[in-house]
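Numbering (full-length UniProt numbering), first residue to last: 1 to 300.
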């Protein structure tokens, strides 16, 4: 747990790879707002215990999910019953339809054990932005206006303290994922994030970032997204499948990023966007396993 501002906490889980996310907590005069939960019962209980210790066990009044993926929301059911959970309308819809919480397919190794968690979608949804108040503390929940990492991405912005919880619009030092979102939208989101001019940033995965570090993190994301788009263009021009295009691509500066197999998944999305279709998620994950040489690694 890192205190990134008075009463503002970031929960950073190394190594930040598959199913291992960051989360956070904002304490106000009359309660706490949780930003995301975790993938499993064990990880979420550890997080909530750390929040209680850091805040003096102040009641958790509210929570927000930055998007639909289980590493950021499966632990919702462990929040107090009276906690109000916020999220984008698309995020609620996606979580209600998500089959992975009922049993993870053997595409990861070890197969994650979620523990005793149940599906708990947001009870309050919005489509653009929503402001919540914790006593005198203002927290703005904002959607970029288009799909990026997913259709329902949300950031939590504290304008008074200039702290930004970016969710998976930012992966600091490891491979971004846009399988369920949009390459073009992810590119557009980078200028949107920069416009906040935050002093401290909590990414969805990876180390915390300062204002001086953010420009290079955003620039690296831009280079990666353009690399994926170029690989997709070349692959399609040469009649290659997304897997073959990934196998033919040179990762270059991105070779050292964790979860490099996401290139295959991102190419599936780039192909679908270019062709006006939709991604076959199971086929894309199967191709990523082929590229990786077996089940995808996880620390859960």
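Where is the CB? At the ideal position from N, CA and C, for every residue including glycine.
DSSP-derived helix/strand/coil call for residue i
| i | result |
| --- | --- |
| residue 205 | strand |
| residue 124 | strand |
| residue 162 | coil |
| residue 301 | Outside the modelled stretch of the chain, which goes from 1 to 300, sits residue 301, for which no answer is possible. |
| residue 168 | strand |
| residue 52 | helix |
| residue 296 | strand |
| residue 268 | helix |
| residue 237 | helix |
| residue 228 | helix |
| residue 47 | helix |
| residue 72 | helix |
| residue 87 | strand |
| residue 290 | helix |
| residue 196 | coil |
| residue 146 | coil |
| residue 184 | helix |
Whole-angstrom distance between residue j and residue i, CA atom to CA atom
| i | j | result |
| --- | --- | --- |
| residue 42 | residue 81 | 18 Å |
| residue 240 | residue 190 | 29 Å |
| residue 198 | residue 165 | 10 Å |
| residue 299 | residue 108 | 10 Å |
| residue 71 | residue 233 | 31 Å |
| residue 30 | residue 282 | 45 Å |
| residue 185 | residue 47 | 31 Å |
| residue 125 | residue 85 | 9 Å |
| residue 137 | residue 221 | 31 Å |
| residue 313 | residue 2 | Lying before the first or after the last residue shown, residue 313 is absent from the chain, which here runs from 1 to 300. |
| residue 229 | residue 200 | 30 Å |
| residue 224 | residue 251 | 9 Å |
| residue 161 | residue 22 | 19 Å |
| residue 292 | residue 32 | 41 Å |
Proximity winner among the options, relative to residue i (alpha-carbon distances)
| i | options | result |
| --- | --- | --- |
| residue 37 | 59, 79, 15 | 79 |
| residue 172 | 143, 2, 12, 271 | 12 |
| residue 159 | 131, 185, 68 | 131 |
| residue 263 | 9, 176, 143 | 176 |
| residue 143 | 163, 167, 161, 120 | 167 |
| residue 289 | 251, 261, 273, 278 | 261 |
| residue 180 | 292, 104, 278 | 278 |
| residue 120 | 133, 63, 170, 155 | 63 |
| residue 112 | 101, 152, 118 | 101 |
| residue 74 | 58, 55, 97 | 97 |
| residue 273 | 134, 297, 183, 196 | 183 |
Buried versus exposed call for residue i [16 or more other C-beta atoms within 10 Å across all chains shown]
| i | result |
| --- | --- |
| residue 226 | exposed |
| residue 53 | exposed |
| residue 275 | exposed |
| residue 193 | buried |
| residue 6 | exposed |
| residue 237 | exposed |
| residue 116 | exposed |
Presumed contact (8 Å Cβ cut-off) between residue i and residue j, rounded CB distance
| i | j | result |
| --- | --- | --- |
| residue 337 | residue 188 | Outside the displayed range of the chain (1 to 300) lies residue 337, so it cannot be described from this structure. |
| residue 178 | residue 65 | Not quite, the Cβ-Cβ distance comes to about 18 Å (not below 8 Å), so this is no contact. |
| residue 204 | residue 152 | Not confirmed; about 13 Å, so no contact. |
| residue 51 | residue 25 | 5 Å |
| residue 202 | residue 4 | 7 Å |
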